[in-house]
Amino acid sequence: MIDNILNPFIHQAYSALDGKPVSKALALDLSKLEGPDILDLVSLANKVRDKFCDDEHICTILNAKSGQCSENCKFCAQSSHHEAKIDEYSLLDTEEIVARAKFAADNGVRSFGIVTSGLGFQKVNDVFQSILDAIDAIQEQFPELGICASLGMLSEETATELAKRNIKHYNINLQTNPERYNELIATTHNVNDRITTIELLKQHSIGVCTGGIIGIGETMEDRISLAFALKELDVDVIPLNVLVPIEGTPLEKSNGATIAEITKTFALFRLINPTKVIKFAAGRETIMKDFQGLLMLAGANGYLTGGYLTTRGRNTADDKVFQNQLNHFSSNK
Ligand code: SF4
0 MIDNILNPFI HQAYSALDGK PVSKALALDL SKLEGPDILD LVSLANKVRD KFCDDEHICT
60 ILNAKSGQCS ENCKFCAQSS HHEAKIDEYS LLDTEEIVAR AKFAADNGVR SFGIVTSGLG
120 FQKVNDVFQS ILDAIDAIQE QFPELGICAS LGMLSEETAT ELAKRNIKHY NINLQTNPER
180 YNELIATTHN VNDRITTIEL LKQHSIGVCT GGIIGIGETM EDRISLAFAL KELDVDVIPL
240 NVLVPIEGTP LEKSNGATIA EITKTFALFR LINPTKVIKF AAGRETIMKD FQGLLMLAGA
300 NGYLTGGYLT TRGRNTADDK VFQNQLNHFS SNK
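Following numbering that gives the first Met the number 0, the numbering of the sequence shown begins with 0 at its first residue and continues without gaps.
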């Protein structure tokens with residue numbers, strides 16, 4: 000009976016519930032599903048999340064240093080190559096960073112990410128030392144709060160300092176199909192530079208948070224290639240952003256991706272990476288609007304709360320209500 004109702008590719012993909020993630024060929028077939036079949040795919044992704052993932056992972060980030068970036072990532076408002084109008088500032092004072100961490104801790108957030116614009120840190124210079132000082136102060140005052148960081152590419156020297164502080168996760172995104180990185184994302188650096196930092200993080204036993212962005216002109220095949228690249232790298236957390244086109248960037252007029260495509264992408268990421276934390280990052284409120292809950296049911300088990308680097312998000316209190324409703328779709332709540 001079920002064989003007649005369920006699309007045969009989805010039927011095949013149920014193997015993911017037995018611990019056999021979908022192959023690339025099957026993922027490509029699933030990516031072509033349309034109409035009501037998409038909701039069957041969502042249902043399977045939710046079951047896989049429910050079976051293999053623990054509690055929801057909710058984090059908040061602070062843009063601790065904004066703009067004036069030497070790189071030319073097409074989607075990013077912080078690049079000095081683009082004309083986007085954003086607040087630009089150098090590294091915030093330690094007191095300000097600690098105050099923002101306190102706000103996160105007071106609101107029940109378990110992970111607080113310090114993010115800085117720029118290519119990264121090869122040396123422990125004054126700016127990097129100030130970030131380390133802020134991490135030390137937060138860890139002393141709020142030992143329950145996990146500290147994450149996203150500071151660009153690292154060297155042995157700077158990775159060692161972060162490892163000493165036992166930070167929870169370090170974020171560095173591959174963004175898209177690695178083979179099309181220069182075409183779709185940036186020409187001022189290469190994806191291999193990012194992969195080198197990921198390998199460094201692993202050598203130092205720092206949790207790796209690496210994901211990408213949807214809606215920059217990539218194909219479904221590119222998205223699937225990214226999902227498999229992340230599987231191969233065995234990253235711990237996969238943040239998925241949906242492009243928020245920002246005036247003054249090369250992608251300001253991008254049509255992005257349809258809600259159906261984005262939903263299928265989230266579900267496929269879950270079927271390809273069944274046990275990983277998949278977080279819905281930028282675009283949740285601004286682009287997905289009424290459909291943000293649908294993506295959370297399509298296999299995501301975490302999200303960013305309280306706003307993004309250069310765009311606003313929903314406040315943490317409203318997100319708690321949202322989470323309580325989502326919990327009804329899990330078996331252990
Ligand atoms: S994504 Fe990061 S490296 Fe790229 S332009 Fe923006 S701040 Fe710079």
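Heads up, the beta-carbon is just placed ideally off N, CA and C, and yes, glycines get one too.
| Query | Result |
| --- | --- |
| Helix, strand or coil for residue 307? Go by DSSP, reduced to three states. | Because residue 307 carries a pLDDT of 48, less than 50, the predicted location of this residue cannot be relied on, and the following value inherits that uncertainty. Residue state, collapsed to three classes: coil. |
| Sorted by chain position, which residues of the same chain lie with C-beta nearer than 6 Å to residue 213's C-beta, five sequence neighbours on each side aside? | 241, 256, 261, 264 |
| If residue 223 sits next to residue 27, beta carbons under 8 Å apart, how far is it from one beta carbon to the other, in whole angstroms? | 6 Å |
| Which residue comes first and which comes last in the beta strand (DSSP E) that contains residue 57? | 56 to 64 |
| Please return the same chain residues whose Cβ sits closer than 6 Å to the Cβ of residue 275, not counting the five positions on each side in sequence. | 237 |
| By the three-class DSSP mapping on this structure, what secondary structure does residue 84 have? | coil |
| Under a Cβ-count criterion, where at least 16 other Cβ atoms within 10 Å of its own Cβ denotes burial, should residue 308 be classed as buried or exposed? | Note that residue 308 scores 49 on pLDDT, short of 50, meaning its location in the model is unreliable; the coordinates nonetheless yield the value given after this. When all chains shown are included, residue 308 counts as buried. |
| With DSSP collapsed to three states, give me the class of residue 295. | helix |
| So the beta strand (DSSP E) residue 148 belongs to, where does it begin and stop? | 145 to 149 |
| When the Cα of residue 233 is compared with those of 206, 99, 17, which residue comes out closest? | 206 |
| Give the DSSP-derived three-state secondary structure of residue 153 in the structure shown. | strand |
| The ligand SF4 and residue 344: does any heavy atom of the ligand fall closer than 7 Å to the residue's C-beta? | Because the chain here runs from 0 to 332, residue 344 falls outside it and cannot be looked at. |
| Between which two residues does the beta strand (DSSP E) containing residue 170 stretch? | 168 to 170 |
| Does DSSP put residue 325 in a helix, in a strand, or in coil? | helix |
| Quick check: the Cα distance between residue 41 and residue 92, rounded to an integer number of angstroms? | 44 Å |
| Would you mind stating whether residue 179 and residue 221 have Cβ atoms separated by less than 8 Å? | yes |
| Answer yes or no: do residue 111 and residue 151 have a C-beta to C-beta separation smaller than 8 Å? | no |
| Identify every residue that forms a DSSP beta bridge with residue 239. | 211, 279 |
| Could I get the ranges of all uninterrupted beta strand (DSSP E) runs contained in the region 86 to 152, with 3 residues as the minimum, in chain order? | 110 to 115, 145 to 149 |
| Cα separation between residue 34 and residue 137? | 48 Å |
| May I ask you to check if the CB of residue 72 is nearer than 7 Å to at least one heavy atom of the ligand SF4? | yes |
| Flag this pair as yes or no: are the beta carbons of residue 301 and residue 56 separated by less than 8 Å? | yes |
| Within 10 angstroms of its Cβ, does residue 327 collect 16 or more other Cβ (buried), or is it exposed? | exposed |
| Tell me the rounded alpha-carbon separation between residue 99 and residue 61. | 8 Å |
| On a CA-only basis, which of 116, 73, 198 is nearest residue 155? Give me that one, please. | 198 |
| Under 7 Å from any heavy atom of the ligand SF4, does the C-beta of residue 68 make it? | yes |
| Mapping the DSSP letters down to three states, classify residue 224 as helix, strand or coil. | helix |
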